[in-house]
Amino acid sequence: MDNNYYVPFTKAMKKTHTILAPNMLPMHFKLILQVMRNYGYNVELLENQGQHIPELGLKYVHNDTCYPAILVIGQFIDALQSGKYDPHKVALIMFQTGGGCRASNYISLIRKALHKAGLGFIPVISFSLTGIERHPGWKLNLPILHRMFYGVMFADLLMLLANQCRPYEIEQGQSDKIAEEFVVELTDEMAKIRVLSYKKIRENYKQIIKKFSDIPRMHEEKIKVGIVGEIFIKYSPLGNNNLEKFLFKEGAEVTVPGFLDFCLYSVYNYIIDYKLYGLRKATFRLDKLLYNFLIKKQQKIIDLIKKHSDFTPPTPFKHVISLRNGYIGIGAKMGEGWLLTAEMLELYEQGVKNIICTQPFGCLPNHICGKGMMKPIKAHKPDINIVAIDYDASATQVNQENRIKLMLSNAKSRIETKSTEATIEYSIPL
Amino acid sequence: MTKTFSVGIDIGSTTAKIVLLKDKTVVFEKYERHFSQVRQKTLDLLEQVRTYINDSPFTVAISGSAGLGLAEAAHIPFVQEVFATGEVIKLLEPDASAAIELGGEDAKIIFLDDTPDERMNGSCAGGTGAFIDQMATLLNVTPDEMDELSLNHTRIYPIASRCGVFAKTDIQPLLNQGAKKEDVAASIYQAVVNQSIAGLAQGRKISGKILFLGGPLYYCKGLRKAFKETLHLSDKQAVFPKYSRFAVAFGAAIYAVKCGQPFTYDSLVKSIIRSIAGNINSNRLPSLFASDEEYQTFIARHNSSTVRSVDVDTYTGIAYLGIDCGSTTTKLVLLTDKKEILYSYYSSNKGSPVEIVREQLNIIYEKAGDRIKIVGSAVIGYGEELIKNAFNVDIGVVETIAHYTAAKYFCPNVDFILDIGGQDIKCFKIRNNAIDSIMLNEACSSGCGSFIETFAKSMEYSISDFAEKGLFSKSPVNLGSRCTVFMNSSVKQSQKDGALVADISAGLATSVVKNAIYKVIRAGSIDELGKNIVVQGGTFYNDAILRAFEIELGRDVIRPNIAGLMGAYGAALHAMKLQVSSKSLNTSLITKEALSQFTHTTKTVMCSGCTNHCHLTVNTFSDGRKYISGNQCEKGFGLTKTTDDTTNLYEFKRNYLLGLKTIKGTRGKIGLPLALGTYELLPLWHTIFTELGFEVVVSEMSSRRTYEAGQFTIPSDTICYPAKLMHGHIEYLLNKNVDAIFYPCMTYNVKEKNTDNHYNCPIVAYYSELLNGNMEDLKNTGFLYPYLNINNRRELSKELTVSLQKLFDDVGFIEVRKAVRKGFAAYAAYMKAIRIQGEKTLEYARKNKKRIMILAGRPYHIDLEIGHGIDKLATTLGFVVVSEDSICHLANKQPVNVLNQWTYHARLYKAARYAAEHKDTELVQLVSFGCGVDAITTDEVCSILESKDKYYTQIKIDEITNLGAVRIRLRSLLGALEEKGDLNG
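Keeping their order, the protein sequence lines are chains E and B.
Each residue of the first sequence is one higher than the last, beginning at 1 in our numbering.
Each residue of the second sequence is one higher than the last, beginning at 431 in our numbering.
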């Protein structure tokens, strides 16, 4: 990339600058950012919300750009113009994966937007595990990454268990409270300890599982709804108009596949690049090593959940890979790629047959991996109930909710016909 | 046993319906428009059922998109409308296999057979009932009349069916060209049918007994006929039940029984009334005027920008005529030699601009008598050619230039003009007394004046009353800033939140303005717009919009009192300029005598000049003169051909690909779909398979029929048109009985120099995965779509061998490797030929002093259906056309500010660089609607060009088949270039 708008994040800035991060995965980012703070970065998670954010974003990015870019840029500019920060004392950070999807251009788009807003002097750090841009003041070493990884693991676990408890809890709000408490506790702990010991982490896992198991819950059947889709829209309440809250209000149990799956998918794609195209020969062994490490860690958490609770654990990634057999090739790796298809099938296998596939309006990879795979999936799993919802700066909530309600009505009627089989007879009207 | 009552209320986007069940029989039903007064209408309807229920308890449920908010606020059971319909059908028509329901703005399909499924249109496919109403307005008939008309059609025009806005863009030029209303009406219904089938069924076959429900299908006989014929249904299979309009309400009543929550009339009314309080949505904007005083100042200020009028009945002297034949309106202005207005006219086209101009000319000649002599005339707009030919107008002027001329009259140092007309938004920046950049709205957001007008009508207001209401709204709703289809649903949302008509009017005004500023102009700050801003176009007569614009800008602007006539005024000024410089008092304009004899008839024929088969409209005038429109090129009807390999690289590429020879093979037939990535790699695959002893079958270049053949298997209605066409190409190959179809998956494209990476876009890369999952018939043939690495011949040969062996087990690696080598040689030869031809063409252009246009897009844009023959249009306008890949090797390395990671797109940047560095070269970028990647490239290409003071022209293309807008666009570019006088030698 040519770096006309590139501004380095210098060593001196590490001490003087606040790094602002967009609100992509609320719980995960709390933990990840704490790790960064422990290593001397002054990071802050942006939590500004509201209708003005996409509107502001539209001013500074092309309207046809994906909605996540519009939101992230809107959120940044809103924060920068709020007067809360000295623009000369802030930097921005953006997390991205790279690849053939246009999302890999987010950094460039943010820089262009800053330039347009007269804030071109603000450094933008790209947090990416692929081509890392050089910023003298920004260094990721193994210990940081290692800790961040556990941040992801903890957040995934908290999210998974809270989702499974929330709709059934007798004392409302208990699951979220416990999750919040753990976030504080875990971040405190990470700040204190010097050496990460897996033993301690395992203890934490167990404690989390226990705490959630102990939540008194009702035993009733709820509609289970899974959320898959584009990574930002899927997780970020800003992106999906508080989808999880809406579903909770409608009395559904929400399942969102963990973020670790996406990390695994990203690493696995490197291996596939080697296998399919003979690329990445040099790093193949390293890629493989990392992949196996992640797989192992995932298995351990699955085992713990199984052993210590009756919660549904995540599906082992290798099995997730196999689920897409017969639907989509392993090489379809742009955006969420084959993982999106596989996750729908994963949810189905877990008994979550009602699925919302979320995507920004006009998302390119999802034309293929999301909407494009619905027909074959429905053909093989006739009782699956999928709805695709587009998110966009002007898509209205009423339209989105109406379509989700349709999906929920169908889900309900399936449960009813299963249980009662009662029908009422009506005469032909007028 | 006492009687039990149940009430079902269905509140859709435009109508409210109520059904009263007594025990299990319907005793009352009513269907009425609610004009956004959701609560009041509900109460009205309830009042009407009161006589039946008196004080008995009853159950009730609400359904419908506009009913959701009411139900929630009033704590009344709610049932989703598609679900409710499904329940009814299962009860009443258990043997139906599917139901199609069209509502005011939603379209739904319910499958009831083995695998039940219920679907609604996505957010982009708006427009059904509301769309039909809009189209009727456009035809200047009532919906009932339109229905009558459609039954007498003789032909169907292709009209884009994906979204209402697109369809409108197709229809307006058809009307202007003189197509018959009967045919247009029927074509509109056909578009609705195609949209429902393609958009909703998405590949699932619709057959068996089909129910048709909802208001539009109840009222429009023509629509019913179109559905029946398109789906090949017999009378028995196509069921249009009497309760069609009430299905949802009936379903809600049934649902209510299940809910069992009892109400009495009083308790229900009470809870509805109670729900009104405290339900004002927070998403509101400040009112347009803070005080009455502010309003008065505003009015006074704008009253000062006026042109003087002179009494036409007393004036004696010479006069100039300006005609602006726009897409929806026709405007005429008659000027004195002092630029004062003698006569003016502004009216909707009513579907036949020729007739209007004739009528007006008659009136003008009548008024002129012997006192006034018309000595010059000019015409602009979509109908320019037609009107010019019909009435022998002296000159046709490029629209944009005429507007600038007019604006200068009011503000000599104008540096920004914004024109919001019936259908388009145009903005020009002026620098150094020349138009510096032109921005037009893309087809997607073309909701402007006509949108508000139809909206006002749908709420039973005249446009001026509607606008006036908005001026005094206390809390305008915030409706977002995208295309009209989205606005419709935003309005729906605000209705749900209890917004008043005034709030909606003011909100719409703000939306139109925001759409213009942020979508079309895309301004980051108001300073980009300039200091002296003139706004014009009929839409700006709407004071609410004018005020909203000033508020959004934070700056006063000039709105001439003839805002809607500026084009015609500018045209008249040009007529004056021409007459003054020629000093002749002779005009070619039709004389009074000839006018009285004037007749105009139209006939439609199909051109057989090429495989494109354009539908031509032949206009014949009284003296036997003819004017032909609707043609994509100048061929046909003996017109001279202006396109060949030397002047048009697109033509060269097409001919090259079509020239690839098929040799009878021994191993069988392999089909290659000529779509997406194949357009560039055809010589490679063609050679490989020919070398391996296959007979290669290449699908034909696309036409509208290609799209139609494949449209039923497209799962995503917002995907780009080039991808949609792929389905038709596969169908073509399946019909050719090939043994295998080949379209590989390729994450990476050909690696070229100086880029960050070399990806394909996700669509080109993985479309086969989608085809495999969605095209059932592919299962009957071998479909090969291996993942290939095109930059490593060994890997490619390996994978290709494995893939081929699945079907042809005798294929060996060694021969594949050899064939691959030859294939790459053929590919290299093709690319080299393109580059050599590019150089030749540049040389030709420079020798003949012609302007060069780099028509920059993707390899597949050479397809006549995707590119709509814009390359040919450009050559007829005098350009020499080269493609981006034919000249990018001549450009220097172009640094860009984005990740330069797609092969095709990297060429764009280089081509832009070339255009930036050459005075005689212009770049026009073709962008397919829905191309997400181009959201990134367009900005970058634009900034490369503008850094060297070059014009950036972008043309968005989709299914749209009419070139009228494109022609204006390119002529504006030419006009601007000529004013600048760039081409000197």
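For every residue, glycine included, the Cβ atom is placed at its ideal position computed from N, Cα and C.
Worksheet item: For B:ASN1278, does the count of other Cβ atoms within 10 angstroms reach 16, so buried, or fall short, so exposed?
Response: Residue mapping note: residue 1278 of chain B aligns to position 848 of the second sequence, counting from 1. B:ASN1278 should be labelled exposed.
Worksheet entry | Supposed close pair E:ALA252, E:PRO167 - CB separation, criterion 8 Å | Numbered from its first residue, the first sequence carries residue 252 of chain E at position 252. Numbered from its first residue, the first sequence carries residue 167 of chain E at position 167. About 7 Å; that satisfies the 8 Å criterion.
Worksheet entry | Which of helix, strand or coil DSSP assigns to E:HIS135 | For this step, residue 135 of chain E is matched to residue 135 along the first sequence. It is coil, neither helix nor strand.
Worksheet item: Do you know offhand how far B:LEU451's Cα is from B:ASP1293's?
Response: Locating residue 451 of chain B in the second sequence gives position 21, where the first residue counts as 1. Locating residue 1293 of chain B in the second sequence gives position 863, where the first residue counts as 1. Going from the Cα of B:LEU451 to the Cα of B:ASP1293 covers about 58 Å.
Fill in: E:LEU22, DSSP secondary structure in three states
Sequence index remark: in the first sequence, residue 22 of chain E carries index 22 (1-based). A quick correction: the sequence has Pro, not Leu, at residue 22 of chain E. Note: E:PRO22 maps to coil in three-state DSSP.
Discussion item. I'd like to check one pair, E:LEU304 with E:LYS211: are the Cβ atoms closer than 8 Å?
Written reply: In the first sequence, counting from the first residue as 1, residue 211 of chain E sits at position 211. In the first sequence, counting from the first residue as 1, residue 304 of chain E sits at position 304. Their beta carbons are not under 8 Å apart, which means E:LYS211 does not touch E:LEU304 by this criterion.
Practice prompt. Note down, in chain order, every chain E residue with its Cβ under 8 Å from the Cβ of B:MET550.
Written response: Looking up residue 550 of chain B in the second sequence gives position 120. Those within 8 Å of B:MET550 in chain E are ASN402, ARG403, LEU406.
Practice prompt. Just mark B:ASN862 as buried or exposed, buried being the case when its beta carbon has 16 or more other beta carbons within 10 Å.
Written response: Counting from one through the second sequence, the residue named residue 862 of chain B turns up at place 432. Counting Cβ neighbours within 10 Å, B:ASN862 comes out exposed, since fewer than 16 surround it.
Worksheet item: Using 8 Å as the limit for Cβ to Cβ distance, is B:PRO603 near chain E?
Response: Taking the second sequence and counting its residues from 1, one reaches residue 603 of chain B at position 173. Chain E, which has no Cβ nearer than 8 Å to the Cβ of B:PRO603, makes this no.
Practice prompt. Tell me, please, whether the CB atom of B:THR1254 is closer than 8 Å to any CB atom in chain E?
Written response: As a working note, residue 1254 of chain B is residue 824 in the second sequence. Reading the sequence as shown, one finds Phe at residue 1254 of chain B and not Thr. No, B:PHE1254 lies away from the interface with chain E (no Cβ there is under 8 Å from its Cβ).
Discussion item. Considering just the uninterrupted stretch of the alpha helix (DSSP H) at B:TYR1080, what are its terminal residues?
Written reply: Position 650 of the second sequence, counting from 1, holds the residue named residue 1080 of chain B. Segment 1079 to 1088, the alpha helix (DSSP H) holding B:TYR1080.
Worksheet item: Is B:ALA514 near B:VAL669, with beta carbons less than 8 Å apart?
Response: Here residue 514 of chain B is taken as the residue at index 84 of the second sequence, counted from 1. Here residue 669 of chain B is taken as the residue at index 239 of the second sequence, counted from 1. No; because the gap between Cβ atoms is not below 8 Å, this pair is not in contact.
Practice prompt. Within its chain, find whatever has a CB closer than 7 Å to the CB of B:ALA932; leave out the 5 residues flanking it on each side and keep chain order.
Written response: By 1-based counting over the second sequence, the position of residue 932 of chain B is 502. The answer, listed in chain order, is LYS899, GLY900, PHE902, SER903.
Worksheet item: For the region 67 to 78 of chain E against the region 305 to 324 of chain E, are there 3 or more C-beta pairs whose distance is under 8 Å?
Response: no
Practice prompt. Would you kindly check if the distance between the Cβ of B:ILE530 and the Cβ of B:ILE640 is under 8 Å?
Written response: Position 210 of the second sequence, counting from 1, holds the residue named residue 640 of chain B. Position 100 of the second sequence, counting from 1, holds the residue named residue 530 of chain B. Yes, these two residues count as a Cβ contact at 8 Å.
Practice prompt. Under 7 Å between beta-carbons, which chain B residues line up against E:CYS66? List them in chain order, please.
Written response: Within the first sequence, numbered from 1, the residue matching residue 66 of chain E stands at position 66. Result: GLY1362.
Worksheet item: Thinking C-alpha only, which one of B:SER941, B:GLU523, B:ALA503, B:ASP563 is nearest B:PHE642?
Response: Position 212 of the second sequence holds residue 642 of chain B. If we check each option's Cα against that of B:PHE642, B:GLU523 comes out closest.
Practice prompt. Please state if the CB of B:ILE586 and the CB of B:ASP600 are separated by a distance shorter than 8 Å.
Written response: Counted from its first residue, the second sequence places residue 600 of chain B at position 170. Counted from its first residue, the second sequence places residue 586 of chain B at position 156. In this structure, B:ILE586 does not lie closer than 8 Å to B:ASP600 by Cβ.
Practice prompt. Give the residues of chain E in contact with B:VAL509, contact being defined as C-beta atoms less than 8 Å apart.
Written response: In the second sequence, the residue the question calls residue 509 of chain B occupies position 79. Within chain E, the residues near B:VAL509 are SER409.
Worksheet item: Roughly how many angstroms lie between the CA atoms of B:CYS874 and B:LEU1234, to the nearest whole one?
Response: As a first step, residue 874 of chain B must be located in the second sequence, where it is residue number 444. As a first step, residue 1234 of chain B must be located in the second sequence, where it is residue number 804. Interpretation of B:CYS874 is limited by its pLDDT of 47, a score under 50 that renders its predicted location unreliable; the figure taken from the coordinates is listed afterwards. Rounded to whole angstroms, B:CYS874 to B:LEU1234 spans 43 Å at the Cα level.
Fill in: Bridge-paired residues (DSSP) for B:ASP754
Translated into positions along the second sequence, residue 754 of chain B becomes position 324. B:ASP754 is bridged to B:LYS761, B:ILE810.
Discussion item. Please report the distance separating the alpha-carbon of B:GLU548 from that of B:ILE540.
Written reply: By one-based count along the second sequence, residue 548 of chain B stands at place 118. By one-based count along the second sequence, residue 540 of chain B stands at place 110. Cα to Cα, the separation comes out at about 4 Å.
Worksheet entry | Secondary structure of B:GLU723, DSSP reduced to three states | In the second sequence, residue 723 of chain B corresponds to position 293, counting from 1. DSSP places B:GLU723 in helix when its eight states are reduced to three.
Fill in: C-alpha distance - E:LEU20 paired with E:VAL124, whole-angstrom precision
Here residue 20 of chain E is taken as the residue at index 20 of the first sequence, counted from 1. Here residue 124 of chain E is taken as the residue at index 124 of the first sequence, counted from 1. Near 9 Å, if we compare the C-alpha coordinates of E:VAL124 and E:LEU20.
Worksheet item: Cβ atoms of B:ALA528 and B:GLY638: under 8 Å apart, would you say?
Response: Counting from 1 along the second sequence, the entry for residue 638 of chain B is found at position 208. Counting from 1 along the second sequence, the entry for residue 528 of chain B is found at position 98. Yes, the Cβ-Cβ distance between B:GLY638 and B:ALA528 is below 8 Å.
Discussion item. Against chain E, does B:SER920 count as a neighbour if the rule is that its beta carbon must be under 8 Å from one of theirs?
Written reply: As a first step, residue 920 of chain B is located in the second sequence; it is residue number 490 there, counting from the start. Chain E contact via Cβ: present.
Discussion item. I'd like the ranges of any alpha helix (DSSP H) spanning at least 4 consecutive residues and lying wholly in the region 972 to 1017 of chain B.
Written reply: 973 to 983, 996 to 1012
Worksheet item: Taking the Cβ atom as the reference point for each residue, do E:ILE233 and E:GLN174 lie within a distance shorter than 8 Å?
Response: Position 233 of the first sequence holds residue 233 of chain E. Position 174 of the first sequence holds residue 174 of chain E. Taking 8 Å as the Cβ cut-off, E:ILE233 and E:GLN174 do not qualify as a contacting pair.
Worksheet item: Where does B:LYS1270 sit, in a helix, a strand or coil, going by DSSP?
Response: Counted from its first residue, the second sequence places residue 1270 of chain B at position 840. Looking at B:LYS1270 - three-state DSSP - the assignment turns out to be helix.
Item to complete: Establish whether the CB of B:GLY644 and some CB of chain E are separated by less than 8 Å.
Response: Position 214 of the second sequence, counting from 1, holds the residue named residue 644 of chain B. No - not a single Cβ of chain E is within 8 Å of the one on B:GLY644.
Worksheet item: Would E:PHE361 count as contacting chain B if we go by Cβ distances under 8 Å?
Response: Within the first sequence, the letter at position 361 stands for residue 361 of chain E. Yes, E:PHE361 lies at the interface with chain B (some Cβ there is under 8 Å from its Cβ).
Worksheet item: Using the beta-carbon count (16 or more within 10 Å), is E:PRO382 buried or exposed?
Response: Numbered from its first residue, the first sequence carries residue 382 of chain E at position 382. Counting Cβ neighbours within 10 Å, E:PRO382 comes out exposed, since fewer than 16 surround it.
Worksheet entry | Straight-line gap, E:ALA332 to B:GLU1229 (C-alpha atoms, nearest Å) | As a position in the first sequence, residue 332 of chain E is number 332, starting the count at 1. As a position in the second sequence, residue 1229 of chain B is number 799, starting the count at 1. If you take the alpha carbons of E:ALA332 and B:GLU1229, they lie about 16 Å apart.
Practice prompt. Go ahead and label E:PRO136 buried or exposed: buried means 16 or more other beta carbons lie within 10 angstroms of its beta carbon, across all protein chains shown.
Written response: Here the question's residue 136 of chain E lines up with position 136 in the first sequence. Label assigned to E:PRO136: exposed.
Worksheet item: When burial is assigned at 16 or more other CB atoms within 10 Å of the CB, is E:SER322 buried or exposed?
Response: As a first step, residue 322 of chain E must be located in the first sequence, where it is residue number 322. It counts as exposed.
Discussion item. With a threshold of 8 Å between beta-carbons, can E:ASN105 be considered close to chain B, or not?
Written reply: Along the first sequence, one-based indexing puts residue 105 of chain E at 105. Closer than 8 Å to some Cβ of chain B, the Cβ of E:ASN105 qualifies, so yes.
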